[in-house]
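So the sequence shown is numbered by the working numbering: it starts at 315 and just counts up by one. Ideal Cβ placement from N, Cα and C applies to all residues, glycine included. Please read these numbers as outputs of a predicted model, since none were measured by experiment.
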Amino acid sequence: MKVELVKEFTFEAAKRLPHFPAGHQCPPLQSHSFRVAVTVESEVDFRKQTGHLIDYEDIQQAMQPLLDQYLDHAFLNEIEGLENPSSEGLSKWMWDRLKDSLPGLKRVSVHETCTAGSHYQGK
315 MKVELVKEFT FEAAKRLPHF PAGHQCPPLQ SHSFRVAVTV ESEVDFRKQT GHLIDYEDIQ
375 QAMQPLLDQY LDHAFLNEIE GLENPSSEGL SKWMWDRLKD SLPGLKRVSV HETCTAGSHY
435 QGK
C-alpha cells in the first residue's frame with residue numbers, strides 16, 4: 315500500500331519579482347508568511363513494519379537548515395538560485411536541496427498566501 319506523509323513548515327520572507335511588467339497588480343516588493351508542505355511517499359506493509367514511512371523528525375532535520383540558513387526572514391532574491399523567487403521557483407529550489415536527504419520525496423508545496431501556491435514534483 316502506498317502512503318504519503320506530509321510535514322508542514324512556515325517562514326517569513328520578502329521578495330521582488332523582477333520580470334513582472336510595470337503596472338502589474340503585484341507590488342514590486344512583497345512580504346509573505348510562506349507555508350511549505352514536504353511530502354514523502356513509499357510503500358508500507360502494515361503487517362510487517364511499524365506502520366510509518368519516516369519519522370517526522372527526519373523531514374524536520376532535512377528542512378530546518380534551509381529555513382535557518384537561507385529562507386526565514388530573508389530577502390529571497392539575494393539567495394543563489396532564487397534571483398526570480400516565484401512560488402514555482404521556490405518549490406523547485408527546495409526540492410533540489412531536499413531530494414538527496416529524503417528518500418521517497420514526492421512533492422514540495424509552497425503557499426505564499428492562503429489561496430495561492432505551487433506544487434513541484436521532481437523526477
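For residue i, the first and last residue of its enclosing beta strand (DSSP E)
i            : result
arginine 349 : 343-357
serine 419   : Strictly speaking, residue 419 in this sequence is leucine, with serine absent from that position. Here the beta strand (DSSP E) through leucine 419 covers 419-425.
tyrosine 434 : 431-434
alanine 328  : 316-330
Boundaries (first-last residue) of the alpha helix (DSSP H) holding residue i
i             : result
leucine 404   : 401-412
glutamate 371 : 370-380
Beta-carbon proximity of residue i to residue j, cut-off 9 Å
i             : j              : result
valine 350    : serine 423     : yes
serine 432    : serine 415     : no
glycine 395   : tryptophan 407 : yes
glutamate 326 : aspartate 386  : yes
Contact set for residue i: own chain, Cβ-Cβ below 7 Å, skip 5 residues either direction
i             : result
cysteine 340  : Leu331, Phe334
glutamate 426 : His346, Phe348, Ser401
leucine 343   : Ala328, Arg330
Sequence-distant residues of its chain with Cβ nearer than 8 Å to residue i (five each side left out)
i            : result
arginine 411 : Leu380
Residue i beta carbon near the ligand ADP (any heavy atom closer than 8 Å)
i           : result
alanine 388 : Annotation note on the ligand ADP: not contained in the displayed structure, which lists no ligands.
Distance between beta carbons of residue j and residue i, contact taken as under 8 Å
i          : j              : result
lysine 321 : isoleucine 373 : 4 Å
So does the segment 348-359 actually touch the segment 367-375, counting three or more Cβ pairs closer than 8 Å? Counting Cβ pairs under 8 Å, three or more are found: they touch.
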